[in-house]
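Residue numbers for the sequence shown follow our numbering, beginning at 1 and rising by one. Even for Gly, the Cβ is constructed at its ideal location relative to N, Cα and C. In this text, all values refer to a predicted model and were calculated from it rather than measured experimentally. See below for the structure under consideration.
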Amino acid sequence: MKIAFIIGTRPELIKVAPVILELKKHGVAYDIVNTAQHKDLLDPYWKTFGIEPTIILDVMVAGQNLSSLTERAINAIQSYLDTVSKEPDIILSQGDTTTVMAASLVSFYNKIKFAHLEAGLRSFDFENPFPEEMNRRIASIATDIHFCPTEVSKKNLLNEGIETEKIFVIGNTVIDSLNLLVNKDDFKQSKWLNTGLDKTNNFSKKVLITCHRRENHGGNLMDIIAAVFDLATSNQDTIYVWTLHPNPNVRGKIMDSKLSELENVILIEPLDYLDLLKMLDVSFCAISDSGGIQEEAPSFRTPVLVLRETTERPEGVTEGVAFLVGSDCKKIVEKYNELIINPPNFKGNPYGDGESSKKIIEILIKNNKL
């Protein structure tokens, strides 16, 4: 038997890598297909996990729209199937990107079983996040094996009429990946890989900031910048580390803003995964619209101000460790100040136990899928 892992972005690799490493223990044939949807962000992460792609499709073209990206992704994945020496029996993809949606459609067209990792997440708003909510809905329709992170995501699929026997609650593999690095003896003692972060050692508090989603472009981004400026000028003992997404709609606005003038703000290139985890570990809180940050932060007992109006990861909000503040400057500042006075009580990570990859491989073997 053979499985093809189709990966296009950094979060996808982070969450699929531990599954690949677990599969290696069982001697099952596999391909790792890199669509390179986010090539610059993704490339450094292969080395982090000691994994190399088998096939590189390189679907990105400068300035292309979502329709063009979808067309190129579908054609490229189909070309892989048409030319590979042995066609896979299962295609597995993670998440809600264009890569995932295209992989699910091509699997369906070729009558190959499709396994969806992180299945069942729903915001119930096609505009937020855009286009991810549509991508994952389409993927679910074509999926044969749904690997859900939580009971909430399973319930979402059941409500959509997905058969119970196709759904498996296994936790989120991002915790598996996190543990691979955090449990190393030198995690806390190691120096920053990006020396630009050395400056953080001079401040008593640190805050990690990320922002990239389409719904936070334009005016929303300017409001978020204003909130961070307010916080930074009011909290001189705290350093704010904003990792810059390469999208010019985000990067340029932040670099040209008044944040660049502040001594306690670092505007920095995307971080290596180890540095990102170390920042989460030492941060007072994270301010982010990232789904991965919402899932990783509870492992470090770090609260998250979620720069969104809704989230497909409600477990953190329910647990009282993540807070929806949108792009509202006033809400961001007020909730941040509340956290100083009343920090949340963490009961563990609601998204996983670090054993998800083992569960996935056991399920596939038990059900004669591999």
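query	result
Continuous beta strand (DSSP E) stretch holding S190: start and end	Unbroken run through S190: none, as it is neither H nor E.
Same chain only: Cβ atoms within 6 Å of Q94, ignoring 5 sequence neighbours per side	E12, K15, V16, L117, E118
Distance CB(I225)-CB(T243) smaller than 8 Å	no
When E127, S257, L121, P53 are compared against R136, the one with the closest alpha-carbon	L121
Anticipated Cβ contact below 8 Å, D289 with H212, distance rounded	7 Å
Sequence-distant residues of the same chain with beta carbon closer than 7 Å to S177, five excluded per side	I14, K15, A17, P18
Sub-8 Å separation of V84 and D144 beta-carbons	no
Endpoints, beta strand (DSSP E) assigned at I51	From DSSP, I51 is part of no beta strand (DSSP E); its letter is neither H nor E.
Cβ of F130 within 8 Å of any chain D Cβ	Of the chains in the structure shown, none is chain D; there is only one protein chain.
Contacts around E319, its chain only, beta-carbon distance under 7 Å, and the 5 residues preceding and following it disregarded	K347, P350
Reference H245; option with closest CA among E355, M255, I162, G196	M255
Assigned exposure category for H146 - 16 Cβ within 10 Å defines buried	buried
R122 CB to nearest heavy atom of the ligand COA below 7 Å	The ligand COA is absent from the structure shown, which contains no ligands of any kind.
G316 vs Q294 beta-carbon contact at 8 Å	yes
Extent of the continuous alpha helix (DSSP H) to which N249 belongs	248-255
Nearest-angstrom beta carbon gap, N264 and I239 [assumed within contact, 8 Å]	5 Å
Top-ranked residue by Cα proximity to L41, from K253, R10, A232	R10
Own chain partners of F126 with C-beta closer than 7 Å, once the 5 adjacent residues on each side are dropped	E133, M134
The beta strand (DSSP E) enclosing L267, as first and last residue numbers	265-268
Per-residue DSSP class, three states only, for V61	coil
Three-state class that DSSP yields for S153 in the structure shown	helix
As assigned by DSSP and simplified to three states, the class of L307	coil
Pairwise C-alpha distance: A36 and L197	28 Å
Proximity below 8 Å, CB of N179 to CB of S356	no
For L92 and K335, the rounded distance between their alpha carbons	39 Å
Cutoff 7 Å; reference K258; Cβ partners in own chain excluding five residues on either side	F229
Cβ-based neighbour list, N128, same chain, cut-off 7 Å, excluding 5 preceding and 5 following	E215, R308, E309, T310
Option in K330, S299, D328 with minimal Cα separation from V321	S299
Cut-off 8 Å between Cβ atoms - residues of its own chain near V282, not counting five sequence neighbours on either side	T200, K206
L280 and L181 closer than 8 Å at C-beta	no
Classification of A296 by the beta-carbon crowding that lies within 10 angstroms, buried from 16 upward	The sequence given here has Glu at residue 296, not Ala. With 16 or more other Cβ atoms within 10 Å, it is buried.
Where the beta strand (DSSP E) containing V207 begins and where it ends	205-210
Segments assigned beta strand (DSSP E), at least 3 residues, entirely inside the stretch 72-112	90-94
Under 8 Å between C-beta atoms of T98 and A73	yes
CB-CB length for V174 against G352, believed under 8 Å	7 Å
Spatial neighbours of P149 in its chain, beta-carbon cut-off 7 Å, leaving aside the 5 residues before and after	E118, G171, N172, Y351, G352
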